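Residue numbers (my numbering), protein chains in the order written: chain D, 1 to 374; chain A, 1001 to 1597.
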């Protein structure tokens, strides 16, 4: 049977997934092998070296660099407090005395007789890594962290902003083609993951931030609103570090696009349950999409799917069109003609025939569809 | 092996996503590219061995050509009948290419020289640190620590000059204790190419913490740049350290018959060889999904820049951010809502592999491409400059012509040849679209020949040129370049409809073509003759290369598009008045037969 390889976002009622939780630099692993962890548990921790500040002692004391040693009150390795004197001159007349104070709390990193600079380092900062998902430690990477295995509902979005967060899922609208309005967001949504339908406006996102909502999951947003929210245009899709006060996950794309019904229903089936979500998106080699993970089975599911989907499409598969002129339209694969076909733009491309709900059949480049996984 | 024995050559380019193999065979006295194959690159999990993708792509060449090249995982050498190849060469940009950070004492002087040095070696420059770059010291240190380059190039000071700034930079580097991107247990390679008086101090500061390599100063005097020694060191370290850490590369290095080159370095080599062989000023561009590389050779001086976030898919939204929506909209011959355009471009960014299905969508991508090409060219012009900080002797006659040091080397009137590559230029449904995108973005003046590298063969040929320049150039002329034609663009401004040029073209077979060009018009003349002689008689105030109003003769070439007589004037400005703009675009696109009606 004809089939074609195609990308698709995972929308799975239940699957087994593994999350690597590693420190950027070596540190201490806290969790043990086989240990059961909750999303907010700290699994590893390290110290980030403090920031380095320079003080040009030679300039400030008006001496040559090789002379600064004799004016230093602190030596390399000494601890210093902010405002504490680290060097001073000894003039004949007291009025001409110059005192150099440390601009930070920390230690003296180096004293250079070549440049006359003194480098001071702030104390290290603690960097903990949380488990992020509820599960079991299945691998320990000494010095760096752990791998956690978790079984649960797994939904990928297409784009997100904001980092990892947790909270209870709450459905704020009744259907996937309903807009998420500011009025849909209530005081009781504080600390929760709010699911909308077609589109979240700037006002709705601002309202969510105001009320302390942890995350919004919605079909689409307008790019213009995103720009207003962030204060800049996102040039390259590398996100996750934004500090907006809310994580936003878009499941379909930019514009007002109803959330795929299957995704919406799946989220609704986990209403009221605790989820881990991340807006981090990286669209480069080694792609990373935003995600929603809800540990455990939905009520109607009894078995977890172990495979990751077959990775190709065949006639009969449900797909979504992801480019104009049919952006957002959902249909079924009717045929996969093997030969190159001239499309409207006059390019020659591999295409597929898609049957729409009303029975109409249209031809679309294979590059412009996404498989809807079930 | 002597070059005489080179008859069969297999070459690969290991890109981030695809590994492309080509077979080159000597037919009589000429080398021709005969078969090609491609396979997904296998640097990342689950394979983590680049040679798998290489072998797969070569296997495809074997299947298509009927030649047996592989014996298991070994390339059979030398060639014997229908078996084996005489040499195998490869380039690589897999795993993100060569990522470097450079530092210099003064940003516009040694900082810029260091940047040129690293870019010319094929690197992506992640940041340029300088004593006067406007950042606080702790910010510089933080930045060094955050970025994890493959290697660092430290320069600063002229030979025998003051050492303070460069020593200070070394101390910051030590304080940051940077780690290389690959192989956490290795020390970061640092190339020192600064003031030779500071060698001892640099060794003392960085000798323990980093893998320090000291080479000649890249700016020994203010008026002299000496980039080659440091560039060679970058290539050595690329092979010895960086490649050794990348999955499968130690094996690949044993397979090749000449050193592996970073892909952009190979493209640069090919551009230089082509320019030198023809005594041309050349501009070559490779516009990809994430980045745009620009190479130029002007008056024999080679320059390369890479615009890391100007591209047609991953970075398409950044083109919009940098160019501004108005600049993209100005190329569209129809109205589109700002919100709609914004959403469309963002949707391409998040689904980068989609393709335009409608003419309207194609035109939007072409509009973005013009801006990406223009911005990358602007960045290139800013870096491809004469040395800054050089004292210039002026005579009385120069007093009224005050030019500062550091003028751009790029002069579009003197540009002889433009080569475009990358999906949007190489695979446009109509070649006129590729040619017009380049004309609109670069606004060439006078006589400029244009071509596209349709299957991006320049990397393979650049690395091959190390072994056989003849083989590389033969294939370059015969199989790599798809000649588009020549653009004739008088420099000057006039009134709509004003006669600005009379022209005559004689082809070698005695055919004669002649005509006029009026201001505001574009004339498209199909002509595929590879060579022809042009006589251009510009009107008063218009320049074709011999000065305003002066007749000009030149060799030109035809191609799949032919001659494009661009009467829109230079500098060329699109009308800001919407009705006029739409009318002009419609007229020009129709004259060129750009899009289906």
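Idealized CB from N, CA, C, for every residue including glycine.
Note that the structure is a prediction, hence the values are computed from the model and not measured.
- A direct Cα-to-Cα measurement between residue 119/D and residue 53/D gives close to 6 Å.
- The beta carbon of residue 1076/A sits no closer than 9 Å to any beta carbon of chain D.
- Interface with chain D (9 Å Cβ-Cβ cutoff): residue 1101/A is excluded.
- For residue 1417/A, the three-state secondary structure derived from DSSP is strand.
- Using beta-carbon distances, residue 367/D counts as an interface residue toward chain A, with a partner under 9 Å.
- In this structure, the beta-carbon distance from residue 1013/A to residue 1113/A does not fall below 9 Å.
- Contact annotation for residue 1553/A against chain D: no contact, minimum CB-CB distance about 37 Å [criterion: below 7 Å].
- For chain D, the residues of the stretch 1135 to 1151 of chain A that bring a beta carbon within less than 7 Å of one of its beta carbons are 1137, 1138, 1141 and 1142, in chain order.
- At the C-beta level, residue 327/D and residue 1347/A come within 9 Å of one another.
- Only those residues of the stretch 1353 to 1364 of chain A whose C-beta falls short of 7 Å from the nearest C-beta of chain D are listed: 1353, 1354, 1355, 1356, 1357, 1358, 1359, 1361 and 1362.
- Ranked by Cα distance from residue 17/D, the options 199/D, 136/D and 254/D are led by 136/D.
- Ranking 1542/A, 1033/A and 1372/A by CA distance to the CA of residue 235/D puts 1372/A first.
- DSSP, reduced to helix, strand and coil, places residue 1151/A within a strand of the structure shown.
- Between the alpha carbons of residue 1415/A and residue 1444/A lies a gap of roughly 7 Å.
- Uninterrupted beta strand (DSSP E) stretches at least 3 residues long and entirely within the stretch 1101 to 1177 of chain A occur at 1123 to 1130 and 1151 to 1154, given in chain order.
- The residues 330, 332 and 372, in chain order, have a CB closer than 7 Å to that of residue 318/D in the same chain once the five nearest residues on each side in sequence are set aside.
- Per the coordinates, the alpha-carbon of residue 1336/A lies some 10 Å from the alpha-carbon of residue 1364/A.
- For residue 1578/A, the enclosing alpha helix (DSSP H) covers residues 1578 to 1592.
- Chain A has no Cβ within less than 9 Å of the Cβ of residue 174/D.
- As computed with DSSP, residue 1302/A is found in a beta bridge with 1297/A.
- One Cα belongs to residue 1523/A, the other to residue 1503/A, and the distance between them is close to 12 Å.
- For residue 173/D, the closest of 115/D, 347/D, 200/D and 282/D by C-alpha to C-alpha distance is 200/D.
- Using a Cβ-Cβ cut-off of 7 Å, residue 1344/A is close to 324 of chain D, given in chain order.
- Taking 7 Å as the Cβ-Cβ cut-off, the stretch 197 to 222 of chain D approaches chain A at 222, given in chain order.
- For residue 207/D, the three-state secondary structure derived from DSSP is helix.
- Look at residue 163/D: its C-beta is not under 9 Å from any C-beta on chain A.
- Contact between the stretch 153 to 164 of chain D and the stretch 273 to 291 of chain D is present: 3 or more CB-CB pairs across the two stretches fall below 8 Å.
- For secondary structure counted as the alpha helix (DSSP H) over 4 or more consecutive residues, the stretch 211 to 298 of chain D holds these complete runs in sequence order: 223 to 230 and 261 to 269.
- The beta carbon of residue 1524/A does not come within 9 Å of any beta carbon belonging to chain D, so the residue lies off that interface.
- Boundaries around residue 1192/A are those of the beta strand (DSSP E), 1189 to 1192, since no alpha helix (DSSP H) includes it.
- If you draw a straight line from the Cα of residue 1293/A to the Cα of residue 1568/A, it comes to about 27 Å.
- The beta carbon of residue 225/D sits closer than 6 Å to the beta carbons of 202 from its chain, once the five residues preceding and following it are set aside; these are given in chain order.
- Beta-bridge partners of residue 1035/A (DSSP): 1023/A.
- Collapsing the DSSP output to three states places residue 1270/A in a helix.
- For residue 1508/A, no alpha helix (DSSP H) segment is defined, and its DSSP state is neither H nor E.
- Closer than 9 Å to the CB of residue 360/D there is not a single CB belonging to chain A.
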